[in-house]
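**Q** One structure, as structure tokens, below. Some questions next.
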Amino acid sequence: MNVEMLVTVGALLDEVPHTRTAVVMSTTIHDNLGPRYEHVNYARPNYEGPSGMTSATMDTFARRGIMSASIWGHAPRYLQGAQNPAITLAIVEEIQRFANLTVGTEALQEEAEDFRTRVDYALQNTPKAVEYVETLEERYDSELEVADDPEPAALIDELDEFLRTRNPDKGEESRN
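Counting from 664, one number per residue, gives the positions in the sequence shown under our numbering.
So, in structure tokens, the structure goes:
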């Protein structure tokens, strides 16, 4: 067998709303996936806990020198048991980005929109469910805002650079 790369895909239940862009988490245990995948910047997994078939398979492949990556969609917990085309679409889009390929997703996009409409309709007469989704939306939106904020270390570096360019005569002394 001439296997170059293993990509595992899956979904997990999470506290995310169906009304927002699907969350996809992509990871790899490798520092570098090679030149073909240099456009990909996947983090190392930070999960600690029971290990499943995916982890065992990736570990086995790694011991044989085969690179691997994992792509997981986060599905709303309150929709467990339902096939969720929005999550499938998000995973397919990430696979396209990862593998530098394009596949037709128009039908899946329509299914995802129809699914959201059906879920919205099903929840509209259940005030507690609507309130729960609104809480998840607020959390999702606030986490998105935090993710958009620059890192404190980056802010300090940027401020240092600004001060150096404003007072070039003072050089290092301008930091104190």
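Even glycine gets a Cβ: it sits at the ideal position worked out from N, Cα and C.
With distances taken between CB atoms, is the gap from Arg726 to Ala749 smaller than 9 Å?
**A** Position 63 of the sequence shown, counted from the start, is the residue given in the question as residue 726. Position 86 of the sequence shown, counted from the start, is the residue given in the question as residue 749. In this structure, Ala749 does not lie closer than 9 Å to Arg726 by Cβ.
**Q** DSSP on Arg727, reduced to helix/strand/coil?
**A** As a first step, residue 727 must be located in the sequence shown, where it is residue number 64. Arg727 falls in the coil class under three-state DSSP.
**Q** Is the separation between the beta-carbon of Tyr803 and that of Arg683 shorter than 9 Å?
**A** Residue mapping note: residue 803 aligns to position 140 of the sequence shown, counting from 1. Residue mapping note: residue 683 aligns to position 20 of the sequence shown, counting from 1. Contact flag set, yes.
**Q** Give me whichever residues DSSP pairs with Asp694 in a beta bridge.
**A** For the purposes of this step, residue 694 is taken as the residue at position 31 of the sequence shown. None; Asp694 has no bridge partner.
**Q** DSSP on Ser733, reduced to helix/strand/coil?
**A** Position 70 of the sequence shown holds residue 733. Strand, per DSSP.
**Q** Are there 16 or more other CB atoms within 10 angstroms of the CB of Thr765, so buried, or fewer, so exposed?
**A** Here residue 765 refers to the residue found at position 102 of the sequence shown. By the 10 Å Cβ count, Thr765 comes out exposed.
**Q** Pair every Cβ in the stretch 730-737 with every Cβ in the stretch 681-695, then say whether three or more of these pairs are closer than 8 Å.
**A** A contact exists between the stretch 730-737 and the stretch 681-695.
**Q** Assuming Ser731 and Ile758 are in contact, meaning their beta carbons sit under 8 Å apart, how far apart are those beta carbons, in whole angstroms?
**A** For this step, residue 731 is matched to residue 68 along the sequence shown. For this step, residue 758 is matched to residue 95 along the sequence shown. Ser731 to Ile758, Cβ: 14 Å. No contact.
**Q** Compute the Euclidean distance between the alpha carbons of Ser714 and Ala762, then round it to the nearest angstrom.
**A** Indexing the sequence shown from 1 puts residue 714 at position 51. Indexing the sequence shown from 1 puts residue 762 at position 99. Their backbone Cα atoms lie some 26 Å apart in a straight line.
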